[in-house]
């Protein structure tokens with residue numbers, strides 16, 4: 007919120023036509039697998055067949071916004087008039103418990119991962135759900151990608167990424183090994 011205050015002061019002082027959005031729990035393909043966010047953590051753990059780590063009882067809720075929905079909202083925000091600066095909450099108001107997310111990831115991956123519970127950090131909020139009423143009113147926006155659909159695309163991306171990384175590790179251990187694309191380009 008401090009950054010928003012400074013930003014709005016700059017808008018007032020310099021007449022800048024800028025927009026402020028508050029982004030809530032965005033996920034999707036091209037996330038970094040080790041970014042520490044719950045979606046990427048659960049997907050990587052499930053794809054590797056590792057236990058999925060939940061903090062607390064798993065009943066804390068979050069809402070997850072697919073990246074394409076976020077981009078659509080930001081494009082609409084940029085198209086608003088010069089007198090509207092926000093801030094606008096951009097996220098999906100549909101809540102899921104962390105346990106529901108973990109179970110859905112396990113189902114979609116087809117993993118045999120187990121849920122393992124660890125102590126909940128004291129600063130972890132029990133609920134995180136955006137109020138997107140201003141986004142609906144000013145932008146005519148609301149998210150369209152359901153969690154299951156977004157997770158399917160994200161899991162496919164992570165599966166491909168982890169498979170490619172594993173193949174590169176295997177190739178690096180073989181003497182004189184070259185990627186198939188390089189070998190094929192020389193024979194064509």
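Residue numbers (our numbering): 7 to 194.
C-beta atoms are modelled at their ideal positions from N, C-alpha and C, and glycine is treated no differently.
Just so we're clear, the structure is a prediction, and the values are computed from it rather than from any experiment.
Asked, Found
"Identify the continuous beta strand (DSSP E) that holds residue 11 and give its terminal residues.", "Element bounds for residue 11: not the beta strand (DSSP E) but the alpha helix (DSSP H), 8–20."
"Three Cβ pairs or more, each shorter than 8 Å: is that satisfied between the segment 147–157 and the segment 64–77?", "yes"
"Consult DSSP for residue 133 and reduce its assignment to one of helix, strand or coil.", "strand"
"Given a cut-off of 8 Å on the beta-carbon distance, is the pair residue 17 and residue 91 in contact?", "yes"
"Determine the burial state of residue 173: buried for a count of at least 16 other Cβ atoms within 10 Å of its Cβ, exposed for fewer.", "exposed"
"Which runs of the alpha helix (DSSP H) fall wholly inside the segment 47–96 and span at least 4 residues, in chain order?", "73–84"
"What are the residues that DSSP puts in a beta bridge with residue 179?", "Beta-bridge pairing links residue 179 to no other residue."
"Using CA coordinates, which residue listed in 35, 84 and 49 is at the minimum distance from residue 25?", "84"
"Using three-state DSSP, classify residue 124 as helix, strand or coil.", "strand"
"Apply the 10 Å Cβ neighbour rule to residue 81 and answer buried if 16 or more other Cβ atoms are within range, or exposed otherwise.", "exposed"
"Using CA atoms only, rank isn't needed, just tell me which of 124, 129, 170 and 142 is closest to residue 62.", "124"
"Go through its chain and collect everything with a Cβ distance to residue 161's Cβ below 7 Å, but skip five positions before and after it.", "49, 114 and 115"
"How many Å lie between residue 41 and residue 107 at the Cα?", "17 Å"
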